[in-house]
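Residue numbers (my numbering): 96 to 280.
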């Protein structure tokens with residue numbers, strides 16, 4: 096079967112919310128192939144502890160590609176413990192320049208409880224302007240919903256959960272099976 100004939104994999108909405116000294120990354124569990132839900136309980140948010148420093152990462156895109164990137168990020172964090180920004184920039188540089196890594200189709204949201212970044216294959220390490228960022232199929236829905244709630248009394252986790260519920264109601268590639276990891280510094 097040629098690539099053009101193969102249905103697209105869809106799924107995943109990942110959101111990162113920084114509020115009140117806490118950062119939360121939440122992700123849904125849906126993986127779809129074309130119009131079919133293949134799995135509804137995938138775990139796309141992970142806690143890493145390279146060098147004894149906790150980092151939470153969420154990924155959207157190809158699972159195998161994302162795990163490759165997570166392994167590379169862990170190696171970068173082990174080389175520069177406690178320096179998420181440096182490790183993220185080094186990963187983005189490698190991703191952009193290494194011919195093998197350039198073919199990887201995934202994006203990451205990472206946090207150490209203080210910094211919050213989106214890392215892309217274009218070599219970008221983006222810090223959100225409004226303490227909210229989102230990626231994946233329903234990312235724009237979740238982002239808009241979370242930004243609307245940032246001035247409320249809700250905690251970071253409450254904002255993330257409510258935004259994901261809104262995204263799940265709108266995006267057919269997002270479900271309500273959430274993995275939520277919280278970290279503070």
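From the three backbone atoms N, C-alpha and C, an ideal C-beta is built for every residue, glycine too.
- Message: Which of the three DSSP states is assigned to residue 229 in this structure?
- Response: Residue numbering aside, residue 229 sits at position 134 when the chain shown is read from its first letter. It is a strand residue.
- Taking just the CA atoms, how far does residue 209 sit from residue 230? Position 135 of the chain shown holds residue 230. Position 114 of the chain shown holds residue 209. Roughly 19 Å separates the two Cα atoms.
- Can you tell me which of the three DSSP states residue 134 falls into? Within the chain shown, the letter at position 39 stands for residue 134. If DSSP states are grouped into helix, strand and coil, residue 134 belongs with the strands.
- Item | Spatial distance of residue 217 from residue 144 (CA atoms) | In the chain shown, the residue the question calls residue 217 occupies position 122. In the chain shown, the residue the question calls residue 144 occupies position 49. One C-alpha to the other measures close to 26 Å.
- Item | Secondary structure, alpha helix (DSSP H): runs of 4+ residues fully inside the region 163-220 | As far as the region 163-220 is concerned, its whole alpha helix (DSSP H) runs of at least 4 residues are 179-192 and 194-197.
- Item | Spatially closest choice to residue 205 from 191, 228 and 189, by CA coordinates | For the purposes of this step, residue 205 is taken as residue 110 along the chain shown, with counting starting at 1. Measuring from the Cα of residue 205, the nearest candidate turns out to be 228.
- Query: Just checking my contact of residue 119 with residue 251 at CB under 8 Å: how many whole Å lie between their CB atoms?
  - Reply: Here residue 119 refers to the residue found at position 24 of the chain shown. Here residue 251 refers to the residue found at position 156 of the chain shown. So it is a contact: roughly 4 Å between Cβ atoms.
- Query: Which term fits residue 177, buried or exposed, when burial requires 16 or more other beta carbons within 10 angstroms of its beta carbon?
  - Reply: Looking up residue 177 in the chain shown gives position 82. Exposed is the call here.
- At what residue ranges does the region 235-272 contain a whole run of the alpha helix (DSSP H), taking only runs of 4 or more? 251-265
- Message: Using a Cβ-Cβ cutoff of less than 6 Å, which residues in the same chain neighbour residue 140 once the five nearest sequence positions on both sides are dropped?
- Response: On the chain shown, residue 140 is found 45 positions in, with the first residue counted as 1. Only 120, 122, 153, 274 and 276 meet the Cβ criterion.
- Message: If the criterion is Cβ atoms closer than 7 Å, does the pair residue 237 and residue 260 meet it?
- Response: Translated into positions along the chain shown, residue 237 becomes position 142. Translated into positions along the chain shown, residue 260 becomes position 165. Going by C-beta atoms, residue 237 is not nearer than 7 Å to residue 260.
- Message: Using 7 Å as the threshold, is the C-beta distance between residue 272 and residue 156 below it?
- Response: Locating residue 272 in the chain shown gives position 177, where the first residue counts as 1. Locating residue 156 in the chain shown gives position 61, where the first residue counts as 1. It is not a contact, given that the beta carbons lie outside the stated cut-off.
- Item | Proximity below 7 Å, CB of residue 171 to CB of residue 159 | The residue given as residue 171 occupies position 76 in the chain shown. The residue given as residue 159 occupies position 64 in the chain shown. No.
- Message: Using the Cβ count rule (16 or more neighbours within 10 Å means buried), how would you classify residue 224?
- Response: Position 129 of the chain shown, counted from the first residue, corresponds to residue 224. Exposed, by the Cβ-count rule.
- Inter-residue CB distance, residue 220 and residue 184 (contact presumed, cutoff 8 Å): The count along the chain shown starts at 1 and reaches residue 220 at position 125. The count along the chain shown starts at 1 and reaches residue 184 at position 89. Confirmed, about 5 Å.
- For residue 149, which residues from the same chain have a beta carbon less than 8 Å from its beta carbon, with the 5 sequence-adjacent residues on both sides left out? Within the chain shown, residue 149 is the residue found at index 54, counting from 1. For residue 149, where only same-chain residues beyond five positions count, the Cβ hits under 8 Å are 142, 143, 207, 208 and 278.
- Rounded C-alpha distance that separates residue 55 from residue 235: Nothing about residue 55 can be reported from this structure: the residues present for the chain run from 96 to 280 only.
- Message: Can you find the residues in the same chain that come closer than 6 Å, C-beta to C-beta, to residue 116, ignoring five residues on each side of it along the sequence?
- Response: What you label residue 116 is simply residue 21 of the chain shown in a count that begins at 1. Counting only Cβ-Cβ distances below 6 Å, and skipping sequence neighbours, we find 279.
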